[in-house]
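Below you'll find the structure, written out as structure tokens, and then a few comments.
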Amino acid sequence: MVKFTEAQTKAIETKGSDVLVSAAAGSGKTAVLVERIKQNIIEGNYSIDEVFVSTFTNKSAKDMKDKIERALRETYNETPDPRLKEEIIKLNDAHISTLHSFCLYLIQTHYNAIGLPPDMRTLGQVESEIRLQRVITNVLEQFYVNADEDFLKLDQFVTSNKDNAALHKLVSDLYHVAVATKEPDLFLRSMFDQYISEDKLTEILDSYRAVIGRKLKKLDEDLYTLKAEYDNAERDEDLKEKAVDDAYEKLAVMHKYVLQALESFSREGYFKLPPAKLVTGTNAFIKGAAAFGNDLNERYNKPANALYQELGKLKQYTLLDVRAELSPLNGMNNQLISIAMDVISEYKKDKQSAGEMDFNDYEHYALDILTADDREIANRYKEQFKEIMIDEYQDINRVQEAIIQLLKSGGEENGNLFMVGDVKQSIYRFRQAAPDLFIDKSERFSKDGSGTLIQLNRNFRSRAEILDATNLIFENIMDKDLGEIDYTDEEKLIKGIEAAEPESPVEVLPVIYDKSLKSGEADELEIKQIVKLVQDLYKRGAAYQDIVILNRNRFAPDVMRHEFQKADIPVSIDINKGYFETFEILTMRSILSLIDNPLQDDHLAGVMRLPMFGFSEEEIAQIRISSEEKYLYEALTEYSGDENILRKTEEFISTFSELKLHAKYLSVPELISEIFFELNILEFFSGLAGGSARRANLNGLIDRALEFQSMNNTSLYQFISYIDFLISEGKDFGEEGSLENTDDAVRVMTIHSSKGLEFKHVIYADLKQNYTLTKVTRVYVHPKLGIVFNNFNDELNYHYDSIHGFAANDFLNIEQLSEELRLIYVALTRAEEKLYLPLMFKGEAEYKYDFSSMEKPSFERRAELKSAMDFLAPVVMQAQVPYIEVKETEFRAGEENERTEYANLEDIDALKADIIPEVRERLFYTYPDPDDTEVTTKESVTSIKRRNETIPDDAEFISHTSEVNLREPNFLQNSLEAPVFGTIMHEMMMHIIHQWQTLSVMEDSAKTAYIDALIDNYSENYELLSTVHIKKMKENAVRFFNDKMMNDLLNEQEGIYTELPFIMSQEAIGYAEHPEQIVQGIIDCLLEYEDHYIIIDYKTDRVKGTNLTKGDLRERYSTQMDIYTKSAMASLNKPVTAVLYFFDYGAIPVE
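Numbered according to the UniProt record's numbering, the sequence shown terminates at residue 1151, and the numbering increases by one at each position without gaps.
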């Protein structure tokens, strides 16, 4: 018999009010639910058909029924009671299901209550998305026809030059957010005229001021901390007092201004920060502290300076300012709402006319049924259900909460609602889950006069070391501000059963790797370390099936599979992408496309190369050149050459003619099965590497075809179009699983997939991966925030932050980081016996906050973190506690885990091996005119430049034996390499220079602001760009457009052409070493004048501090500019000159 804890017993027995059980990971909540139902049935409080139990998944519902039946049978076997036997019989029809399934039951049972037909068909998820997109297209077409000024402005703001896909997505997002609310129309109408509503504008202003106030307080706290750091900093005996006084004085000045700003802000709602700056790393006092290991500049001074500058630049708004800024956006806001309302209305009509519904309709139709006829049906269920039980309550949405409230009886203080969940495991916000419902209810229930809150925090799953480490981590990174709940003693995990167990500390596995490794190489290195760990665990007796590798997103699945296969370790990778990219599915798509339309050369050539047809590349080429027809298939049908090829073509045409005949009479699933049979597709792909997975993928294609067929579609063309739609919309499926749960294989899965599961050994991988956090760029929709617009200048066609967007981005950052913390919690608490945390450090172990004194980092510090590793590394690396063990590994450039040696042809020949003559002939074949094989037909400008450079006769080889430590340029920081920065800078200039007509009439200050806005706009597409890079690009661009020579050239030009690619005969411009050589290049900018052209070539080279003269710089690029000008002259038949523009120097005409 199970012995329940005091808290579990309370959860089982408490009655008379609504009950909320906050059940931590591994606390036995399912056992509590089952026992509560069993005891209520035994005591005669209700029958099994008088309780409604909602689970999160259908599998959970089945498991719940099985466990209840087992519990009732065990009790019946002990004390045979006919009533219990009757309950077991009734269990199969009991209302134990997901809320979606119960809503469908209501619709099927009470359809007539709201006038629905009895035979409503449910659209599949993909089918409903296709239909929704079609409706959105139709609605938008009508808005384009009406051509309302505000709609056209919205279209200009949101869409690109290519298409209106972004507007489609925006409308679709708003639709999905709206239908996840109890009353979609009311939700949308509540946002009408929001940008001229006094209440809404005040709410936005208050949110903005709250963010500023928090940042000011953060800066105040940081400066207090910095003062203490200055006081405690070790000093060299020779340090001059002037350096110390200077540091303290500038700190005092800045802190005085911040305190004045805080006082002014709290009193009047605005403040002013005069110019101030802390000393930098060049100060002798700061430099001396760094020598003693305390880098005050990097840890404190630099961040404080940056925050001070940021606060100084923020606009101080009044309510009038907010109205002036946002009211011009009101028309676009209202148009977007009107579109969404029309889409909801038209989509509903579209579905109803076809007798169809989708999953969102389940909940809304159920609500309509329960509220129809003065809630007659709802009252009937209230009488039937003596108890409503909701599992995973933290993951329900607002519509589901409304349904629950209609089914339950009484208020919170005397109701019959029993809810179980753990808000720390709420990880489905992207599915419109509303964890705040759980949080708000738990706060109410913790006070008198409401429901009952019960905490279950005893963990019966994990070893004590895992629990202690999890508690240490979360009491220092999660709280109400970031995480949405305080991780108090009530939330801490406690070992469920105290028993003697061998020590099993959490293993932290930091790897310090060389800075030269790229991101993909770092991933590969981490995976290789994981493979080693798995091999070690297996040697120590762990079964592969007891090991799981968890990750936030897809972590290099191809590399993972390759490395595990190389180590001969069975692995099952749970991924949700890549199905349509597999070789077998690409092959089947080609075959199906050919059956539908053989005039597709790419598909035909690929299929002909398959082993079952056996055409070689040479044979396909012979068929192609034998005919003057346009398509390869036409050449194939009329081919009459080589007898061997002719036989193959006849067999191929015969096979496909037969399959085309089948396509006329068979359904798509039947046709696919016939193709498998005729061409031995399953057998062929099963014989390749990963054969079982490939076979599962092919069988999965039949399932896709059956799903397609259920949409009332039958033609092959429609199926191919359906697949193309899925690919274009990014609705790829994951590869089909080929391993059963019983197979002994290491599992790789996302944290979301692992929810509710447990594993003996958990490896939490890819912690270094930065989060992809959503922010408001143009327009954003959100269940709580509603619609958020950034500012848009439609005349100059650029957008920039609005006060609403600024406040919303702060909210979104906190909300998303809170969800990421919950994902970390779920990952850590999956482990039963052992938890492993691989940490990948680039160059050295650096932490985003200091935990050496075991002090919790501030909210602002945590709100700036970008990855799970940022949160975890300081705690697990610096804590020095017995339940965490750190095992460090260091790798340097050139180190390899495996030594690979390569042999050349001479080595093979020296073996004197018995090689087949034909193989030997091919292997050692010598081409005629070997010198010509060394000639490059097409060269870049750079390679020609290098070829023409000559080394002076008196030049000597210099060997540097000492290590040179050069200062790293600013734009190289944050891992963006100089060539990449140069490429992006060139692209920015391409965009900006086309705005010259606008820029030319602006004052300098307006020009600078416009360039800043353009660069901010274009920078959104480059995740690697830091604020340092963006600042550098802005300075470069402003310097260029304020340069007198550049202004003169641009004012006189008649046409601007950018990024012009060219290919030119080297012979034509005098550079060829051999006939037929060509050169290719790209001209950055070409200015057209009446009788000539001028090339402008941008250079991001560092010039200052190098002692390079104008002549040196001109000479460095003389070959390149000569090729550019000669090529342009040969093409344009006009004189062409060139100007080099160095962003770090200025303009240099090329003579």
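In this text, a Cβ means the ideal position worked out from N, Cα and C, and glycines have one as well.
Practice item. Please report the Cβ distance between F56 and D391, rounded to the nearest whole angstrom; I am assuming they are in contact, meaning their Cβ atoms lie under 8 Å. Key: The C-beta distance from F56 to D391 rounds to 6 Å, short enough to meet the 8 Å contact threshold.
Review point. Just to confirm, are M1121 and F1040 a CB contact at a threshold of 9 Å?
Key: Taking 9 Å as the Cβ cut-off, M1121 and F1040 do not qualify as a contacting pair.
Point to revise | Selection from N414, V875, K386, E363 that minimises the alpha carbon distance to N397 | key: When C-alpha distances from N397 are compared across N414, V875, K386, E363, the shortest belongs to E363.
Point to revise | Which of helix, strand or coil DSSP assigns to D953 | key: Residue confidence for D953 is low, a pLDDT of 45 falling below 50, so the modelled location carries little weight; the figure read from the coordinates is stated next. D953 falls in the coil class under three-state DSSP.
Check your understanding: Which word fits G1055, buried or exposed, when buried means at least 16 other C-beta atoms lie within 10 angstroms of its C-beta?
Key -> By the neighbour-count rule (16 or more Cβ atoms within 10 Å), G1055 is not buried but exposed.
**Study point:** Where M191 sits in the DSSP three-state scheme
**Key:** Looking at M191 - three-state DSSP - the assignment turns out to be coil, as it is neither helix nor strand.
**Study point:** T1137 and Y1093 closer than 9 Å at C-beta
**Key:** Yes, Cβ-Cβ distance for T1137 and Y1093 is below 9 Å.
**Study point:** For D1097, the residue or residues it bridges with in DSSP
**Key:** Note: D1097 sits in a beta bridge opposite L1140.
Check your understanding: Going by DSSP, which residues form a beta bridge with K834?
Key -> K834 pairs with H761.
Check your understanding: With burial defined as no fewer than 16 other Cβ atoms inside 10 Å of the residue's Cβ, what is the status of Q565: buried or exposed?
Key -> By the 10 Å Cβ count, Q565 comes out exposed.
Check your understanding: Which residue comes first and which comes last in the alpha helix (DSSP H) that contains Y76?
Key -> Following the DSSP letters along the chain, one finds Y76 inside the alpha helix (DSSP H) bounded by residues 58-78.
Point to revise | Best match in R552, K408, V746 for proximity to E819 [C-alpha to C-alpha] | key: Among R552, K408, V746, the Cα nearest to that of E819 is on R552.
Review point. What first and last residue would you give for the beta strand (DSSP E) that runs through F285?
Key: Premise fails: F285 lies in the alpha helix (DSSP H), 284-291, not in any beta strand (DSSP E).
Review point. Nearest CA to the CA of D440: which residue from N471, E484, D468, K15?
Key: Looking at the Cα atoms, E484 is the closest of the given residues.
Point to revise | Range of the contiguous beta strand (DSSP E) that encloses P1061 | key: Its beta strand (DSSP E) spans residues 1055-1065.
Check your understanding: Count the other CB atoms within 10 Å of the CB of S345; is the residue buried (16 or more) or exposed (fewer)?
Key -> S345 comes out exposed.
**Study point:** Cβ neighbours of T1027 in the same chain (closer than 6 Å, five flanking residues each side left out)
**Key:** Excluding residues within five positions, none has a Cβ falling inside 6 Å.
Practice item. Please determine, among Y800, V399, K62, the residue with the shortest C-alpha to C-alpha distance to F187. Key: The shortest Cα separation from F187 among Y800, V399, K62 belongs to V399.
Exercise for review: Look at the Cβ atom of K775, then the Cβ atom of L726, and state whether they are nearer than 9 Å.
Suggested key: Not in contact: K775 and L726 (Cβ atoms no closer than 9 Å).
Point to revise | Residues near N741 in its chain [Cβ-Cβ closer than 6 Å; skip 5 each side] | key: Bear in mind that a pLDDT of 41 at N741, under 50, signals an unreliable position, so the number given afterwards is only what the model happens to contain. There are no such residues.
Check your understanding: On the three-state DSSP scale, how would you describe I681?
Key -> Three-state result, I681: helix.
Practice item. For my contact list, A23 and D422 are in at a C-beta cut-off of 8 Å; report their separation, rounded to the angstrom. Key: That belief holds up - the Cβ atoms of A23 and D422 are roughly 5 Å apart, short of 8 Å.
Point to revise | Secondary structure of P930, DSSP reduced to three states | key: Under the three-state reduction of DSSP output, P930 falls in the helix class.
Exercise for review: Could you check what DSSP says for G115 in three-state terms: helix, strand or coil?
Suggested key: If DSSP states are grouped into helix, strand and coil, G115 belongs with coil.
Exercise for review: With a 10 Å radius around its C-beta and 16 neighbouring C-beta atoms as the bar for buried, classify H1029 as buried or exposed.
Suggested key: Counting of Cβ neighbours within 10 angstroms places H1029 among the buried residues, the total reaching 16 or more.
Point to revise | Best match in Y925, I477, S867, L320 for proximity to Q769 [C-alpha to C-alpha] | key: Comparing Cα positions, the closest option is S867.
Exercise for review: Would you check if the segment 790-800 and the segment 405-414 touch, i.e. whether three or more CB-CB distances between them fall below 8 Å?
Suggested key: Short answer: they don't touch.
Point to revise | Any 3 or more C-beta pairs closer than 8 Å across the segment 756-766 and the segment 824-836 | key: Yes: at least three Cβ pairs fall under 8 Å.
Exercise for review: Answer with buried or exposed for E956, where buried requires no fewer than 16 other C-beta atoms within 10 angstroms of its C-beta.
Suggested key: Unreliable placement is indicated for E956, whose pLDDT of 42 sits below 50; the coordinate value is still reported in the next sentence. Around the Cβ of E956, a 10 Å sphere holds fewer than 16 other Cβ atoms; the residue is exposed.
Review point. In whole angstroms, what is the alpha-carbon distance linking Q352 and Y579?
Key: Roughly 33 Å separates the two Cα atoms.
**Study point:** Supposed contact pair F460 and G26 - C-beta distance, whole angstroms, cut 8 Å
**Key:** That pair is a contact at about 6 Å.
Exercise for review: Would you grab the beta carbon distance between V1079 and V941 for me? Rounded to a whole angstrom, and I think it's under 8 Å.
Suggested key: For a cut-off of 8 Å, the C-beta gap from V1079 to V941 is around 6 Å, short enough to register as a contact.
Review point. Going by beta carbon distance, what residues of the same chain come within less than 6 Å of L140, once the five residues before and after it are set aside?
Key: Excluding sequence positions up to five before and after L140, its CB lies less than 6 Å from no other CB in the same chain.
Check your understanding: Where DSSP assigns a beta bridge to Q1080, which residues make up the other side?
Key -> For Q1080, which the question treats as bridged, DSSP gives the partners S940, I1063.
Review point. How should G89 be labelled, buried or exposed, when 16 other C-beta atoms within 10 angstroms of its C-beta is the threshold for buried?
Key: The sequence shown places Ile at residue 89, rather than the Gly named in the question. It counts as exposed.
Practice item. Compare the Cα-Cα distances from G451 to each of Q432, N457, L417 and report the closest residue. Key: For the residues Q432, N457, L417, the minimum Cα distance to G451 belongs to L417.
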